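Worksheet: the structure to be examined is printed underneath.
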Amino acid sequence: MFFVAIPVAGAKYVAVVETDVDASSGASADLNSAEVREITAELRRQATENLPRSQYNVMTSETVQSMGGAVLEECAEENCVIALGSKIGADYIVRGIISKFQTKLTLAIELYETENGTLVVSSEAIRSESLSDLLDKATVASANMYKKFAEIQGSTQKSKTKEPTEHPPIKWSVGGGLFLANGFGGGIKWPSGEAVAMPYLGGGLYLFLDAVYAEVFAGYSMGSGTWESLAAPSNEIIPDMKSSYLNICVLAKYPFTFGKIKMFPLLGIDYEASLSGKLEYTTKVYEFDGTGGHPANGDLSSFWVKFGGGAEFDISESLYIRGELLYGVRTANDFEKNGAIFNSKNGTPMTGQSVSLRAGVGFNF
Numbered sequence: 561m562f563f564v565a566i567p568v569a570g571a572k573y574v575a576v577v578e579t580d581v582d583a584s585s586g587a588s589a590d591l592n593s594a595e596v597r598e599i600t601a602e603l604r605r606q607a608t609e610n611l612p613r614s615q616y617n618v619m620t621s622e623t624v625q626s627m628g629g630a631v632l633e634e635c636a637e638e639n640c641v642i643a644l645g646s647k648i649g650a651d652y653i654v655r656g657i658i659s660k661f662q663t664k665l666t667l668a669i670e671l672y673e674t675e676n677g678t679l680v681v682s683s684e685a686i687r688s689e690s691l692s693d694l695l696d697k698a699t700v701a702s703a704n705m706y707k708k709f710a711e712i713q714g715s716t717q718k719s720k721t722k723e724p725t726e727h728p729p730i731k732w733s734v735g736g737g738l739f740l741a742n743g744f745g746g747g748i749k750w751p752s753g754e755a756v757a758m759p760y761l762g763g764g765l766y767l768f769l770d771a772v773y774a775e776v777f778a779g780y781s782m783g784s785g786t787w788e789s790l791a792a793p794s795n796e797i798i799p800d801m802k803s804s805y806l807n808i809c810v811l812a813k814y815p816f817t818f819g820k821i822k823m824f825p826l827l828g829i830d831y832e833a834s835l836s837g838k839l840e841y842t843t844k845v846y847e848f849d850g851t852g853g854h855p856a857n858g859d860l861s862s863f864w865v866k867f868g869g870g871a872e873f874d875i876s877e878s879l880y881i882r883g884e885l886l887y888g889v890r891t892a893n894d895f896e897k898n899g900a901i902f903n904s905k906n907g908t909p910m911t912g913q914s915v916s917l918r919a920g921v922g923f924n925f
């Protein structure tokens with residue numbers, strides 16, 4: 561029986577060679593050449609029906625005979641079959657081996673790769689006392705073997721084909737929220753022991769832009785705090801200070817993702833630009849307006865170094881909530897520097913510090 565296969569470009573060639581009969585087992589006494597060819601034809605038929613035609617060309621019996629010649633029928637050894645497979649241009653060789661055990665005929669079906677002689681797959685054991693039943697079982701067993709082979713090759717091909725490395729695109733997000741700050745805004749200490757400190761409690765609004773490993777935010781805050789004095793002449797002169805600021809902060813971050821939760825450490829700088837400031841005494845108000853010898857608003861501006869951490873929780877693919885806790889220290893501002901040397905007192909500016917808590921909502925895009 562001959563089966564015509566239309567060659568497909570790039571497909572592998574599969575040759576089903578003549579089934580071998582193990583004469584030493586006594587199997588040849590129960591079979592004639594026509595019956596053996598029938599089994600070979602069935603193995604070839606199942607290869608045609610069960611191997612994907614886009615990937616495999618099953619060579620016809622006529623092609624195998626014409627390219628391999630009569631020597632093919634004389635080849636019983638495994639290595640010889642593989643050598644002849646290479647000779648006829650087959651990528652894979654399928655062969656059946658019939659032997660006899662006691663009263664039963666046994667058929668083994670094997671598929672080899674001719675390039676290196678590897679046994680790729682074989683069928684389950686087939687045993688029967690009749691040739692017709694053996695042929696029926698060969699149909700099922702060979703079909704299963706070919707399907708298994710196609711699956712193995714498909715998974716192997718996927719593992720060999722490396723997907724191009726994809727670097728996740730930078731995920732930008734924007735958002736905003738509220739923040740609270742509580743701390744010590746700095747101060748001045750003089751050699752006499754007198755010192756003035758500026759505690760601060762306030763809050764505000766902020767907007768942020770996030771790019772995975774960096775965060776930029778701008779915020780507006782306002783608050784107040786009663787100055788604290790050590791060794792001052794009288795508490796009557798201790799004022800309450802009210803101020804407002806514009807904050808521009810840049811933070812580096814490194815996120816760690818745990819399902820819908822993302823956590824990250826933070827480190828960066830914050831420029832606190834003063835917008836207004838005034839000291840409220842019991843009898844008067846001192847404005848930082850730059851007039852009448854008063855310091856200007858800008859004299860209260862300062863740089864902060866901040867560090868801490870934060871966490872996000874994804875509500876949806878594009879929406880999340882965020883919380884951050886930051887501790888900061890700052891350099892002395894111009895008001896503190898100038899006040900420290902006022903009237904040649906040779907004072908020392910004191911560094912400020914604060915803790916801030918931020919909570920907001922972000923949107924990915």
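Going letter by letter, the sequence shown gives residues 561 to 925 in our numbering. Where is the CB? At the ideal position from N, CA and C, for every residue including glycine. Computed from a predicted model, the values in this text were never measured in an experiment.
Asked                                                                                                                                                                                         : Found
Exposed or buried, Pro909, counting other C-beta atoms within 10 Å across all chains shown (16 or more means buried)?                                                                         : buried
DSSP on Leu938, reduced to helix/strand/coil?                                                                                                                                                 : Because the chain is modelled from 561 through 925, residue 938 falls outside the range shown and cannot be assessed.
Where does Ala771 fall in DSSP's three states?                                                                                                                                                : coil
Suppose you measure from the CA of Glu595 to the CA of Val581; what does that come to, to the nearest Å?                                                                                      : 11 Å
Would Trp864 be called buried (16 or more neighbouring beta carbons within 10 Å of its own) or exposed?                                                                                       : buried
Could you check whether Lys707 and Tyr924 sit closer than 8 Å to each other, using their CB atoms as the reference points?                                                                    : The displayed chain sequence assigns Asn, not Tyr, to residue 924. Their beta carbons are not under 8 Å apart, which means Asn924 does not touch Lys707 by this criterion.
Would you report the Cα separation of Leu769 and Glu775, rounded to the nearest angstrom?                                                                                                     : 6 Å
For the segment 749 to 757 against the segment 733 to 741, do three or more pairs of beta-carbon atoms, one drawn from each stretch, fall closer than 8 Å, so that the two count as touching? : no
Nearest by alpha-carbon distance to Gly779: which of Leu835, Pro825, Ala771 is it?                                                                                                            : Leu835
Could you check where the alpha helix (DSSP H) with Ile875 kicks off and where it finishes?                                                                                                   : Neither: Ile875 is in no alpha helix (DSSP H) and is coded neither H nor E.
Helix, strand or coil: how does DSSP classify Ala741 here?                                                                                                                                    : strand
Given Lys664, which residues of its chain have a CB within under 7 Å of its CB, disregarding the five upstream and five downstream residues?                                                  : Arg687, Ser688, Glu689
State the Cα-Cα distance for the pair Gly907 and Gly764, rounded to the nearest angstrom.                                                                                                     : 32 Å
For Ser789 and Tyr880, what's the separation of their Cα atoms in angstroms?                                                                                                                  : 44 Å
Roughly how many angstroms lie between the CA atoms of Pro759 and Ala871, to the nearest whole one?                                                                                           : 28 Å
Look up Ala812 in the DSSP assignment and give the residues it is bridged to.                                                                                                                 : Ala774, Leu827
In the DSSP output, which residue or residues are listed as bridge partners for Lys708?                                                                                                       : DSSP, once it has assigned bridges, lists no residue as partnering Lys708.
Which residues in the same chain have their Cβ closer than 8 Å to the Cβ of Ile748, if we skip the five residues on either side of it in sequence?                                            : Ala755, Val756, Glu896, Gly899, Ala900, Gly907, Thr908, Pro909, Met910
Whole angstroms are fine: how far does the CA of Ala601 sit from the CA of Val631?                                                                                                            : Any reading at Val631 needs caution, since the residue's pLDDT is 47, under 50, leaving its predicted position unreliable; the model's value is listed next. Roughly 19 Å between the two C-alpha positions.
Give me the Cβ distance between Val700 and Val576, rounded to the nearest whole Å; I'm assuming they're in contact under 8 Å.                                                                 : Wrong, their Cβ atoms sit about 17 Å apart, outside the cutoff.
Would DSSP call Arg687 helix, strand or coil?                                                                                                                                                 : strand
Assign Asp800 to one of three DSSP states: helix, strand, or coil.                                                                                                                            : strand
Just to confirm my understanding: we take Ser803, look at its own chain, exclude 5 residues before and 5 after, and list those with CB closer than 6 Å. What are they?                        : Gly837
Could you check whether Met705 and Ile669 sit closer than 8 Å to each other, using their CB atoms as the reference points?                                                                    : yes
My understanding is that Tyr672 touches Asn617, with C-beta atoms under 8 Å, so please give their C-beta distance in whole angstroms.                                                         : The Cβ separation is near 17 Å, so there is no contact.
Judging by CA-CA distance, which residue of Pro855, Asp800, Arg597, Leu806 is the nearest neighbour of Ser781?                                                                                : Leu806
Please classify Thr623: is it buried, with 16 or more other beta-carbons within 10 angstroms of its beta-carbon, or exposed?                                                                  : buried
Compare the Cα-Cα distances from Leu839 to each of Thr666, Glu609, Phe848 and report the closest residue.                                                                                     : Phe848
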